[in-house]
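Take the position in the sequence shown, starting the count at 1, then add 12; the result is the number in the working numbering.
All residues carry an ideal CB built from backbone N, CA and C; glycine is no exception.
All values derive from a computational prediction rather than experimental measurement.
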Amino acid sequence: MHRLGVCSWSLHPTSAPDLVTKVRACGLDAVQLALGPISSSDWPLAATAAALAGAGITPLSGMMAMVGEDYSTLDSIRDTGGLRPDATWPANLAAAPRVADAAAALHLPLVTFHAGFIPHDRHDSLRSVMIDRLRHFAAIFAKRGVAIALETGQESPAALLELLRELPEIGVNFDPANIILYGQGDPTAALRLLLPHLAQVHLKDALPTATPGTWGAEVPVGRGGVDWPSFFDHLGANHPSINLVIEREAGERRIDDIRAAASLAHSHGRSAGSGRATTSAARQPVSSLGCAVFGMGFMGRTHAAAYQSARASGIPCHLAAVYDADASHLSPLAPVSGNLPTSAPREQIFDPAHTRATTNLDEILADPAIHLVSICTYTDSHVELALRALAAGKHVLVEKPVATSLAQVEQLAAAAAQNPRLLCMPAMCMRFWPGWDWLHDAIVSHTYGRVRSATFRRLGTRPTWSPFYADAARSGGALLDLHIHDVDFLYWCFGAPEAVSSAGSLDHLTTLYHYAESPTLAPQAHITAEGGWDLDAAAGFSMRYTVVFDHATADFDSRREQPLLLHRAGITEPVPLAPGAGYLYEINYFVAAASAAATTSAQHRSRLCATLTDAASVTSILAAERSSLASGNRNEVAHRPHPLPSA
C-alpha cells in the first residue's frame, strides 16, 4: 500500500481544524477530502491546505458529491444518483470545473464519485448519454491534471468492466461494502475482475439484505461479508502500492471503528507506521522532476522561466538543463520579444550554478535525472528531437506547430503510442490561457446557450529575433506559426469543420469555418478567424474574440486593462481572470501529469488536455486553409477525428 487514510465525510468535520483533530484521533495522517465545502468556499482552500500541512496530514484524493442525490431508498438513489438525471446534469456540470480547480490547487491526483446506475444494455439510449457525460467529466478534470474514478456498487462488476473498456481514461474506486449493499455479488470476485482499473480502494464492510429491493447494512470493518484475508491477498499480489482509505458512514463510534479498520489493515501488512507504507519499486515517484529545455530562443526561454516559476510556487520540478546547438543562445537572460505576451521577467531566468547549459544534446538525453523535456527548437527539428527524447525515456512537451506536415505529426504519434508509460503533448497554450479556458468552458457547458457566431483575431508583427520566421518554407508563415492558436482553439471547442474558405496570404489570412448544426452551434452559426503578422511594428500585438451566444456576448481584447467583458441582459461585467500568461499554467499541468504518470499505469491516466491526435487534426485543418488560399475556393477538411468534449 502507498498510504492509508480516512474519508473526511466519515468524521462529520465542521471545519478544517476539526478535521485535523479527528484524523489525528483516528491515528492516521492521510485523508480523502470531500471537495464540496472547499469548492464552494465554505472552507477556504488556502486555510484548509495550511491546516492539513501544518498537522502533517496528506490529502490523498478528493470526492465529489452530486447535486440532488437521495440515498433514502434504492429506488430514490436509482432515480437521483450521479450523472444520470437530466434535471441535475446542468448543475453537476457547472460544479465540475470548480471541484476540479480545487483538486488541482490541493495537488490531488484523483477525484472519485458515483456515476449513477449505468444501464448494461449497450442499445439503451441512456447508456450512451451517461458515457458522453462521463467523457465530459473526465476531460474537465484531465485538463487540470486530475484523474477520476467511479465508486463501485451501483452496477454489476461485469457492466462496470464493459464501461471502463470504453472509457479507459476513467478508473475505479473499489468499495467492497458497496458490492454487498447493492447486491452485486462477492467483493473479492469483483475485485479480481476490476483489478486492472483500480485507482483507489475504500475499506468498508457490510452485511447483505434479507429483503430484496432494500439496502444491506453497513457494519464495522471485519464484521461483515468481506473476506478480508482473501481481499488483501489479491490486492497485495496485484496492487501493492494502491492507496487504501477507510470509510465509515454509519454507527455512533466512528473513530473507534476507523481505528479498528486501520489495525486490521496493519495486521495484513497493508501499511507501515501511522499511515505510511513502502512504494512499489516499479513506480517509484521522484521528489522533483528534472526538466530540460531544448532550444533557447524566445519560446525556449519562456518555458525555462515557466519551470522556474513552477518550482518557486511549490510544484515539484526543477530546471536541470537547457540545450541549444548555438552556444551564444545559452545566456540566462530572459526573452525579449515574441508574438504572444509572456509573464517571464526581464532578468536572469536560470542560475547557471544549478541549471546546466550545454550544446551537447546526447549528454542531456543520457542523464537519468532529467525526466521531462520541452522542445522549443525550430519547427523542422521538432519531430526528430521528440523521437530521440522518447527513445531516451523522457516525457515530451513539444511546441507548436508539432510539424509542418500531417505525415510527420502522425509519425510522432505512432512512436508515442509505442511508449505508453511516457507522455508526449503538443504545447497548445491557448487551452490554458486565462480568458480562453473560460470561453471553452462556457461553450461546451452551454452556460449561455449555443454559439451563434464567433470571431477571432490574432494580429502582430513577424518575430524578428530569427530569420527562420521569414522563411515560409520552414516556418509555414503566420498561417502555421500564429494562426494555429485559433485553429486549435476552435477545434478544441467545436471539433473539426467540414470545410474551410480562406482568403489572403500565408502571412495574413481570414478563414470562414463551415460547421454543421450541433448541440453547441446554433443553426447558421458562423465561425471566422483572422491571423497575421504583417502589421507595422508600431501596431503591436493583439488577440481578440467576440462570441455571441443565445443569451450573452463574450468580448476579449488582450490590450484592455480588463481583457474579458461579458454582456448579458443589457449589463456589461468584467470577468475576473487568473493572472499571467498561459505558458505557466501549461507547464504546471504537464509537470503534474508527468508526476502522476510515475505512479499511474497508462490505462488509468486521464486523457491529456492536448494530444498528438488533436495536433494531427489541426494540421489537416491548416492544410485545407492553405489549399483554399491557393485556389480561392472552399476546401474540404480531410482528417477529422473529434476531440473529447471538455471544460
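Option nearest W227 by Cα separation, candidates E178, V414, Y194, S554
Y194
Taking C-alpha atoms, which residue in L399, A61, V184, L418 lies nearest to A628?
L418
Decide if Y319 is buried, meaning its Cβ has at least 16 other Cβ atoms within 10 Å, or exposed.
buried
Hey, which unbroken runs of the beta strand (DSSP E) at 3 residues or more fall wholly within the stretch 413-450?
436-439
So if DSSP puts D569 in a beta bridge, which residue, or which two residues, is it bridged to?
R556
Beta strand (DSSP E) segment containing M76, residue limits:
From DSSP, M76 is part of no beta strand (DSSP E); its letter is neither H nor E.
Which residue's Cα is closest to the Cα of A528: W545, D548, G507?
G507
What does a CB cutoff of less than 6 Å around A49 pick up in its chain, not counting 5 residues either side in sequence?
According to the sequence as given, residue 49 is Pro; it is not Ala. Within the same chain, P49 has close Cβ partners W55.
Relative to the C-alpha of E163, which residue among K216, V43, S393, E178 is closest?
K216
Contact check, E411 vs I387 under 8 Å by CB: the rounded distance?
6 Å
Hey, how far is the Cα of I599 from the Cα of A317?
10 Å
Would you mind reading off the limits of the alpha helix (DSSP H) that contains C329?
Unbroken run through C329 is the beta strand (DSSP E), 329-335; no alpha helix (DSSP H).
Per the contact definition of three or more C-beta pairs closer than 8 Å, is the stretch 250-258 in contact with the stretch 193-213?
yes
According to DSSP, T124 sits in a beta bridge with which residue or residues?
M75, A161
On the criterion of 16 or more Cβ atoms from any shown chain inside 10 Å, does R470 qualify as buried, or is it exposed?
buried
Taking 7 Å as the cut-off, decide whether the C-beta atoms of F243 and T200 are in contact.
yes
What would DSSP say about Q296, mapped onto helix, strand or coil?
Only weak support exists for where Q296 lies, its pLDDT of 41 falling under 50; the coordinates are left without a value.
When you compare only the Cα positions, how much space is there between V630 and M75?
35 Å
Leaving out five residues on either side along the sequence, give the residues of the same chain with a beta carbon under 7 Å from the beta carbon of A398.
I387, V408, V410, L424, C436
When the Cα of A170 is compared with those of P131, V141, H148, A378, which residue comes out closest?
P131
Cα-Cα separation between A642 and G302, rounded to whole angstroms
45 Å
Just confirm the distance between the C-beta atoms of L31 and R266, as a whole number of angstroms; I'd bet it's less than 8 Å.
With 8 Å as the limit, L31 and R266 do not qualify as a contact, their Cβ atoms being about 13 Å apart.
Can you give me the Cβ contacts of H214 inside the same chain, cut-off strictly under 6 Å, excluding the 5 residues immediately before and after it?
D187, V257, E259
Thinking C-alpha only, which one of L434, P224, P479 is nearest A609?
L434
What does the alpha-carbon distance come out to for the pair A683 and L179?
An answer regarding residue 683 cannot be provided, because it is not within the stretch 13 to 659 covered by the chain.
Whole-angstrom distance between P413 and D338, CA atom to CA atom
22 Å
Going along the chain, which residues of its own chain have a beta-carbon closer than 6 Å to the beta-carbon of L105, five neighbours each way excluded?
S457
Does the Cβ-Cβ distance between G234 and L203 come in under 7 Å?
no
From G488 to A404, what does the alpha carbon distance come to, in whole angstroms?
29 Å
Can you tell me whether DSSP reads S253 as helix, strand or coil?
coil
Run through the DSSP bridge pairs and tell me what Y525 is partnered with.
V512, I539
Do A63 and P29 have their C-beta atoms closer together than 7 Å?
yes
Please classify R139: does DSSP put it in a helix, a strand, or coil?
helix
With burial defined as no fewer than 16 other Cβ atoms inside 10 Å of the residue's Cβ, what is the status of D269: buried or exposed?
buried
Suppose you measure from the CA of W477 to the CA of G312; what does that come to, to the nearest Å?
13 Å
Any idea if A541 is buried or exposed, counting beta-carbon neighbours within 10 angstroms, 16 or more meaning buried?
buried
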